[in-house]
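Read the structure below first, then the notes.
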Ligand code: COA
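In structure tokens form, the structure reads like this:
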């Protein structure tokens, strides 16, 4: 067997380097986007600035940001055809539709009215990234409005992305505190090196397919409970546990039965996830303010027990769950909101992939049986 088979045959590709990237990096407990520490960006940036940084490689000047923001908000505003498409989908499938299925289909459909679809140059693809990322947010908000028989709301061009999303979702002007917290969440989730969905976007891009297809693949990948679906699963787990006094028993049982505790553990971070530290602080504050302190206390107890018993720590999904819950965001929108942010990373990865493209085509080691003879159907 060829040596290269053995080199790469790590289950889940653990430790296998498949490409170079200049988008984000994880070194120990330090996560950076294009060289900027995540803590610095979380404290200072807007989500649009971060998307600009990820796609274009530098923080925008104020003139660049103005143009970029205008283009973003223009795209965030759904046009009549898009609204009608979403209404028809919602009428036929919501309220039973899974929001990630709805989002995946809607993003895929955005390709239909792309008049420059034959232009796969970097400039057009970067504009396409703005279009897709901006519309992911409006689609998520529209889905929620439509399933509640409410009208899709329009963009306020004087406000930023986080304000607009929360307003378009709830139909109520959000407080500045909520806007700031939400903006930080979007930044923290925007990219994470070669995570499962970013890899999926890169694989699709590597066949020289288009950006809509790359993002659609990535949405499907993010949906799984081992990846982005974990934030929703965390709240469902807390609901199942019910109260603080039942946490210890639940965790013990999970360990005995080898059931995973959602939001805990990570392939790369073995000593803590820097995003979880920031999210934990925000979650504590908001849970205290909104009377959800028991949810926070339960989470903290799970964290302590998992550290003691399994040496595992919370990942990005653990405290974002209680944070979104305290903000009143419906549980099944947690993962679509993750997509609304991570789309920035997916597009950055597709754009980077195209700069140095070679199609991804790994190999597998055949583990089946050889030499079988055809058996006519009546003899089987
Ligand atoms: N709860 C309980 N045990 C866990 C665990 C969890 N959340 N995460 C990992 N482990 C244990 C595994 O059971 C395994 O133990 P073992 O060696 O005794 O069999 C060991 O830790 C390694 O886990 P493994 O699943 O092989 O790690 P991985 O690198 O393949 O997976 C995750 C990483 C994130 C998929 C995994 O930790 C997980 O499933 N976490 C819960 C889902 C989640 O929060 N996903 C969001 C990721 S951002």
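Numbering (this note's numbering), first residue to last: 40 to 419. Virtual Cβ for every residue (Gly too), placed ideally from N, Cα, C. Remember, predicted model here, so these are calculated numbers, not experimental data.
Quick one: residues in its chain with C-beta nearer than 8 Å to the C-beta of residue 308, no 5 flanking neighbours on either side, listed in chain order? Taken in chain order, the residues that qualify are 65, 68, 352 and 354.
Beta-carbon proximity list for residue 253, same chain, < 7 Å, skipping 5 on both sides: So the qualifying residues of the chain are 240, 243, 244, 385 and 389.
Alpha helix (DSSP H) runs wholly inside the segment 254-296, at least 4 long, in chain order: Given a length threshold of 4 residues, each whole run of the alpha helix (DSSP H) inside the segment 254-296 is given here in chain order: 269-280 and 286-295.
With DSSP as the reference, label residue 374 as helix, strand or coil. Correct three-state label for residue 374: helix.
How about residue 208 and residue 129: do their beta carbons lie closer than 8 Å? In this structure, residue 129 does not lie closer than 8 Å to residue 208 by Cβ.
Exposed or buried, residue 109, counting other C-beta atoms within 10 Å across all chains shown (16 or more means buried)? By the Cβ-count criterion, residue 109 is exposed, with fewer than 16 other Cβ atoms from all chains shown falling within 10 Å of its own Cβ.
Are there any heavy atoms of the ligand COA lying less than 7 Å away from the beta-carbon of residue 247, as far as the coordinates show? No.
Other residues of its chain near residue 182: CB distance less than 6 Å, five sequence neighbours each side excluded: Residues 138 and 141 of the same chain have their beta carbon placed closer than 6 Å to that of residue 182, with the five preceding and five following residues left out of the count.
For residue 41, I'd like the list of residues in its chain whose CB is within less than 8 Å of its CB, leaving aside the five on either flank, ordered along the chain. With a pLDDT of 48 at residue 41, under the threshold of 50, the modelled position of that residue is not reliable, and the figure given next carries that caveat. Here residue 41 has no same chain residue with a Cβ atom under 8 Å from its own Cβ, once five neighbours each way along the sequence are excluded.
Limits of the alpha helix (DSSP H) - the one that residue 201 falls within: Here the alpha helix (DSSP H) through residue 201 covers 200-209.
Whole alpha helix (DSSP H) elements within the segment 94-136, 4-residue minimum: The segment 94-136 contains these whole alpha helix (DSSP H) runs: 101-115 and 119-132.
When you compare the CB positions of residue 272 and residue 380, do they come within less than 8 Å of one another, or not? Not a contact, by the Cβ cut-off of 8 Å.
Would you mind working out which of 221, 292, 124 and 347 sits nearest residue 150, comparing C-alpha positions? Of the listed residues, the one whose Cα sits closest to residue 150 is 124.
Is residue 266 near the ligand COA, going by C-beta to nearest heavy atom under 7 Å? Yes, the beta carbon of residue 266 sits closer than 7 Å to at least one heavy atom of the ligand COA.
Under 7 Å from any heavy atom of the ligand COA, does the C-beta of residue 269 make it? For the ligand COA, at least one heavy atom lies less than 7 Å from the Cβ of residue 269.
Burial state of residue 94, where buried means 16 or more other Cβ atoms lie within 10 Å: Residue 94 should be labelled buried.
Should residue 155 go down as buried or exposed, given a rule of 16 or more other Cβ atoms within 10 Å for buried? It is exposed - the Cβ of residue 155 has fewer than 16 other Cβ atoms within 10 Å.
Exposed or buried, which one is residue 417 when buried takes at least 16 other CB atoms within 10 Å? It counts as exposed.
Using a Cβ-Cβ cutoff of less than 8 Å, which residues in the same chain neighbour residue 313 once the five nearest sequence positions on both sides are dropped? Taken in chain order, the residues that qualify are 68, 69, 70, 77 and 78.
Looking at the ligand COA, does it come within less than 7 Å of residue 306, judged from the CB to the closest heavy atom? Residue 306: yes, Cβ under 7 Å from the ligand COA.
With a floor of 4 residues, list each alpha helix (DSSP H) that falls wholly inside the segment 324-380, ordered by position along the chain. Taking only runs of at least 4 residues, the alpha helix (DSSP H) segments lying wholly in the segment 324-380 are 332-349 and 355-365.
Neighbour-count burial assignment, residue 408, 16 or more Cβ in a 10 Å radius: Residue 408 should be labelled exposed.
Using only the heavy atoms of the ligand MN, determine whether one of them is closer than 7 Å to the beta carbon of residue 301. No copy of the ligand MN occurs in the structure displayed; its ligands are the ligand COA alone.
Write down the C-beta distance between residue 174 and residue 222 rounded to the nearest angstrom, noting that I regard them as a contact closer than 8 Å. Contact check for residue 174 and residue 222: beta-carbon distance about 19 Å, past the 8 Å limit, so the pair fails to qualify.
Between the Cα of residue 82 and the Cα atoms of 224, 413, 104 and 62, which residue gives the shortest distance? Looking at the Cα atoms, 224 is the closest of the given residues.
If I measure Cβ to Cβ from residue 346 and keep anything under 7 Å in the same chain, skipping five residues before and after, which residues do I get? Only 352 meet the Cβ criterion.
If residue 167 and residue 104 are in contact, beta carbons under 8 Å, what's the gap, nearest whole angstrom? Separation of the CB atoms of residue 167 and residue 104 is rounded to 19 Å, and the pair is thereby denied contact status at 8 Å.
Within a Cβ cutoff of 6 Å, which residues of the same chain sit near residue 373, ignoring the five residues on either side of it in sequence? Sequence-distant Cβ neighbours of residue 373 in its own chain, meaning closer than 6 Å and more than five residues away, are 270, 271 and 363.
Euclidean distance between Cα positions of residue 127 and residue 194: Straight-line spacing of the CA atoms in residue 127 and residue 194 works out to 21 Å.
Between which two residues does the alpha helix (DSSP H) containing residue 412 stretch? Segment: none, residue 412 is in no alpha helix (DSSP H) and carries neither H nor E.
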